[in-house]
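Participant: Please find one structure pasted underneath; my questions will follow.
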Amino acid sequence: MPLFCMKKLLACLGSPRKMRKQRKHLRRLPKDKRCSLRILVLADFSLGVIHKVLIIFGFNVHKFAFSVFLNEKIRPWDAAKHMESAAALAKELGNWNEVTDFYRRASELYMECGRPQPASDALAKAARALEDAMPEAAVQMYNDASAILEEDGKEQMAFDLYRAATSVYVKLEKYSDAASSLLQLGLAADKCNATNSQCKAYLGAIIVYLYAHDVKQAEKCYNDCSQYANFSDNDRVDAFLRSDQNRCASKLLSAYTEGDIEEIKRVVQSSTVSNLDHVVIKLARKLPTGDVSALKTDAGKEEEEPLDENDLT
Numbered sequence: 001m002p003l004f005c006m007k008k009l010l011a012c013l014g015s016p017r018k019m020r021k022q023r024k025h026l027r028r029l030p031k032d033k034r035c036s037l038r039i040l041v042l043a044d045f046s047l048g049v050i051h052k053v054l055i056i057f058g059f060n061v062h063k064f065a066f067s068v069f070l071n072e073k074i075r076p077w078d079a080a081k082h083m084e085s086a087a088a089l090a091k092e093l094g095n096w097n098e099v100t101d102f103y104r105r106a107s108e109l110y111m112e113c114g115r116p117q118p119a120s121d122a123l124a125k126a127a128r129a130l131e132d133a134m135p136e137a138a139v140q141m142y143n144d145a146s147a148i149l150e151e152d153g154k155e156q157m158a159f160d161l162y163r164a165a166t167s168v169y170v171k172l173e174k175y176s177d178a179a180s181s182l183l184q185l186g187l188a189a190d191k192c193n194a195t196n197s198q199c200k201a202y203l204g205a206i207i208v209y210l211y212a213h214d215v216k217q218a219e220k221c222y223n224d225c226s227q228y229a230n231f232s233d234n235d236r237v238d239a240f241l242r243s244d245q246n247r248c249a250s251k252l253l254s255a256y257t258e259g260d261i262e263e264i265k266r267v268v269q270s271s272t273v274s275n276l277d278h279v280v281i282k283l284a285r286k287l288p289t290g291d292v293s294a295l296k297t298d299a300g301k302e303e304e305e306p307l308d309e310n311d312l313t
């Protein structure tokens, strides 16, 4: 590691005194010994610096050693900050497993400090970093980050996390999981009386099911959301049932039942759909998928089912 790199690293860490001392010491040493000494000198500095140096050199160190430094040399809050810095550097180097480990450890340290919001933010940063390289791990991070906020009673701050998780699920073509994520968003919105977000999430879930050509599940989702009631001042207020999103979903499902492709295309171009999340709009504009006429045929058969002469009930 050249001297100018060491200078830059220490300067970024805000340690000019350490940098000056290091430079004087290194000039007395042969070049072939400087690298190992830098690691030793920095190992006594702080946990975060150790991580950064070891990442640069590609070394793996037993985690027990870091726990010793964590407990004896540095406060959990500062250690969490260093962990985030280490994770950012690991991201630049493409070490995705280390990105996951460092951000998750940072989140745990923030929780030790009693700070759930920074803990959730650390997991969200990890998820955004991993979306392309490790999408499965990314959605898990998003879900964990959302859970932390909900446990802290900050459901509204989890809305964007649920939307991000939905987007990743759609990229993975896991449409059932994407719809479930939107339903979770709807429930979180209900807890903080965000009626508009709640209704949009429910309509989004129905559209995702229709895109996956699972019309029965879409109908079940519609019925469940329509029957879900809130109670306010002793009056039953069925938020979704009275919304524009409900009317849009009803028209869409009716068009599917009738096999009316033109009506489906007209409904998905409505302003109600245009105001949904971008990932849902993209799916809606591609409707219908699959053979819609077959749905009409199946519905007709059910209506014209012959009577059983032996059935006297």
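Mapping of the sequence shown onto UniProt numbering: position 185 corresponds to residue 185, and the numbering continues sequentially without gaps. The beta carbon of each residue, even a glycine, is placed where N, CA and C say it ideally should be. Nothing here was measured: the structure is a model prediction, and the numbers come from that model.
1) Helix or strand or just coil, what does DSSP make of threonine 272?
2) State yes or no: is the C-beta of alanine 194 within less than 8 Å of the C-beta of glutamine 227?
3) Is lysine 174 helix, strand or coil by DSSP?
4) Can you give me the Cβ contacts of serine 107 inside the same chain, cut-off strictly under 6 Å, excluding the 5 residues immediately before and after it?
5) Spatial neighbours of glutamate 131 within its chain, please: CB distance less than 7 Å, with the 5 preceding and 5 following residues excluded, ordered by chain position.
6) Can you name the start and end residues of the alpha helix (DSSP H) that glycine 204 belongs to?
7) Could you tell me whether the Cβ atoms of cysteine 248 and serine 274 are closer together than 8 Å?
8) Is cysteine 192 helix, strand or coil when you go by DSSP?
9) Leaving aside the five residues before and after leucine 287 along the sequence, list all residues of the same chain whose C-beta is less than 7 Å from its C-beta, in chain order.
10) Taking the alpha carbon of leucine 161 as the point to measure from, which residue in Glu173, Leu172, Ala178, Val208 has its own alpha carbon closest?
11) Measuring alpha carbon to alpha carbon, tell me which of Lys91, Gly94, Phe102, Asn95 ends up nearest histidine 82.
12) Look at leucine 253 and alanine 205 and say whether their C-beta atoms are less than 8 Å apart.
13) Given a cut-off of 8 Å, decide if alanine 129 and tyrosine 142 are closer than it, judged by their beta-carbon atoms.
14) Nearest to leucine 295 by alpha carbon, out of Leu276, Thr289, Val280, Gly259?
15) Taking 7 Å as the limit between beta carbons, can you name the residues of its chain near alanine 158, skipping five residues before and five after?
16) For the alpha helix (DSSP H) holding leucine 241, just list the boundary residues, first then last.
17) Can you tell me whether leucine 93 is buried or exposed? The criterion is at least 16 other CB atoms within 10 Å of its CB, across all chains shown.
18) Taking the alpha helix (DSSP H) that alanine 126 belongs to, which residues open and close that run?
19) As a quick exercise: from Val292, Thr289, Gly186, Asn95, pick the residue whose alpha carbon is nearest that of glutamine 245.
20) Would you report the Cα separation of leucine 203 and glutamate 173, rounded to the nearest angstrom?
21) Just checking my contact of residue 359 with tyrosine 256 at CB under 8 Å: how many whole Å lie between their CB atoms?
22) Quick check: glutamine 198 and alanine 165, are their CB atoms within less than 8 Å of each other?
Facilitator: In short:
1) Counted from its first residue, the sequence shown places residue 272 at position 272. Threonine 272: helix per DSSP, three-state reduction.
2) Here residue 194 refers to the residue found at position 194 when the sequence shown is read from its first residue. Here residue 227 refers to the residue found at position 227 when the sequence shown is read from its first residue. Taking C-beta atoms as the reference points, alanine 194 and glutamine 227 fail to come closer than 8 Å.
3) What you label residue 174 is simply residue 174 of the sequence shown in a count that begins at 1. Reduced to three states, the DSSP call for lysine 174 is coil.
4) The sequence position of residue 107 within the sequence shown is 107, counting from 1. Cβ neighbours of serine 107 beyond the five flanking positions: Ala119, Ala122, Leu123.
5) Walking along the sequence shown from the start, residue 131 turns up at place 131. Excluding sequence neighbours, glutamate 131 sits near Ala138, Val168.
6) Mapped onto the sequence shown, residue 204 falls at position 204. 195-211 is the span of the alpha helix (DSSP H), which, as asked, contains glycine 204.
7) Residue numbering aside, residue 248 sits at position 248 when the sequence shown is read from its first letter. Residue numbering aside, residue 274 sits at position 274 when the sequence shown is read from its first letter. In this structure, serine 274 does not lie closer than 8 Å to cysteine 248 by Cβ.
8) Within the sequence shown, numbered from 1, the residue matching residue 192 stands at position 192. The three-state reading of DSSP puts cysteine 192 in coil, since its state is none of H, G, I, E or B.
9) Counted from its first residue, the sequence shown places residue 287 at position 287. So the list reads Leu210, Tyr211, Ile264, Val268, once near-sequence residues are dropped.
10) Translated into positions along the sequence shown, residue 161 becomes position 161. The shortest C-alpha separation from leucine 161 is found at Ala178.
11) Start at 1 with the first residue of the sequence shown, and residue 82 comes out as number 82. For the residues Lys91, Gly94, Phe102, Asn95, the minimum Cα distance to histidine 82 belongs to Phe102.
12) Translated into positions along the sequence shown, residue 253 becomes position 253. Translated into positions along the sequence shown, residue 205 becomes position 205. No; because the gap between Cβ atoms is not below 8 Å, this pair is not in contact.
13) On the sequence shown, position 142 is the one that residue 142 refers to. On the sequence shown, position 129 is the one that residue 129 refers to. No, they are not a contact pair.
14) Position 295 of the sequence shown holds residue 295. Ranking the options by Cα distance to leucine 295, first place goes to Gly259.
15) As a first step, residue 158 is located in the sequence shown; it is residue number 158 there, counting from the start. Non-local beta-carbon contacts of alanine 158 in its own chain, meaning distances under 7 Å to residues more than five positions away in sequence, involve Ser146, Leu149, Glu150, Ala188 in chain order.
16) As a position in the sequence shown, residue 241 is number 241, starting the count at 1. Run containing leucine 241: none; DSSP gives neither H nor E here.
17) As a position in the sequence shown, residue 93 is number 93, starting the count at 1. Exposed.
18) Mapped onto the sequence shown, residue 126 falls at position 126. Counting along the chain, the alpha helix (DSSP H) containing alanine 126 begins and ends at 116-130.
19) Your numbering for residue 245 matches position 245 in the sequence shown. The option with the nearest alpha carbon to glutamine 245 is Gly186.
20) For this step, residue 203 is matched to residue 203 along the sequence shown. For this step, residue 173 is matched to residue 173 along the sequence shown. So the two alpha carbons sit approximately 19 Å from each other.
21) The question about residue 359 has no answer, for the chain in this structure spans 1 to 313.
22) Indexing the sequence shown from 1 puts residue 198 at position 198. Indexing the sequence shown from 1 puts residue 165 at position 165. No; because the gap between Cβ atoms is not below 8 Å, this pair is not in contact.
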